[in-house]
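S.K.: Starting off with a structure, shown below.
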Amino acid sequence: ANQERDRAVQTISERSAQINSLRETLENATRDYEEKFLLLRKEQEVTSSIQQEYKDKLAALEKRESEADWEFQRLKSLRESAEKRVRQMQLELDSLKDEHQTELQTIAEHLAIVESERD
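Read left to right, the sequence shown gives residues 1 to 119 (full-length UniProt numbering).
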């Protein structure tokens with residue numbers, strides 16, 4: 001009976017040691033899991049922050065691109081207007097040259113008549 005009792009105590013002692021070892025392993029695994037979970041959460045926060053920064057920069061670039069496109073169209077329109085005005089002014093200048101040439105020719109003819117009458 002003592003021997004059985006000693007074996008039972010020994011078995012209980014061994015099982016208790018196994019339980020303590022398993023408990024320690026579980027505590028270590030839980031601690032490792034919690035540390036990894038915290039690291040993962042920090043990584044997600046950093047990733048989220050980087051993604052937001054990227055989105056903000058992309059939105060700013062798209063806005064600047066849109067503004068640049070608008071400015072390009074505005075300048076293109078101004079250039080076209082200026083070219084049209086230059087053509088119009090060139091036509092007016094050509095017309096004035098023709099009128100001036102005609103007037104000079106008329107004056108020359110009158111001078112020729114006046115000189116021939118004087119002679």
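We put the beta carbon where it would ideally sit given N, CA and C, even for glycine.
#1: To the nearest angstrom, how far is the alpha carbon of I107 from that of E99?
#2: Looking only at its chain, what residues have a beta carbon closer than 6 Å to the beta carbon of Q52, apart from the 5 residues adjacent to it on each side?
#3: Under 9 Å between C-beta atoms, does H110 make it to chain C?
#4: With DSSP as the reference, label A8 as helix, strand or coil.
#5: By DSSP, does A1 sit in helix, in strand, or in coil?
#6: Alpha carbon to alpha carbon, how far is S77 from R69? Give it in angstroms, no decimals.
#7: Does D119 come out as helix, strand or coil in the three-state DSSP assignment?
#8: Which value, in whole angstroms, describes the spacing of the CA atoms of V46 and E34?
M.R.: Concretely, from the data shown:
#1: The residue given as residue 107 occupies position 107 in the sequence shown. The residue given as residue 99 occupies position 99 in the sequence shown. When rounded, the separation of the alpha-carbon atoms in I107 and E99 is 12 Å.
#2: Locating residue 52 in the sequence shown gives position 52, counting from the first residue. For Q52, there are no CB contacts under 6 Å within the same chain when 5 residues up- and downstream are skipped.
#3: This model lacks chain C altogether, as it is built from one protein chain only.
#4: Here the question's residue 8 lines up with position 8 in the sequence shown. Three-state result, A8: helix.
#5: On the sequence shown, residue 1 is found 1 positions in, with the first residue counted as 1. Note: A1 maps to coil in three-state DSSP.
#6: Position 69 of the sequence shown, counted from the first residue, corresponds to residue 69. Position 77 of the sequence shown, counted from the first residue, corresponds to residue 77. Before going on, a small fix: residue 69 reads as Asp here, not Arg. The straight-line gap from Cα to Cα measures roughly 12 Å.
#7: In the sequence shown, residue 119 corresponds to position 119, counting from 1. Reduced to three states, the DSSP call for D119 is coil.
#8: Along the sequence shown, read from residue 1 onward, the residue named residue 46 stands at position 46. Along the sequence shown, read from residue 1 onward, the residue named residue 34 stands at position 34. When rounded, the distance between both Cα atoms is 18 Å.
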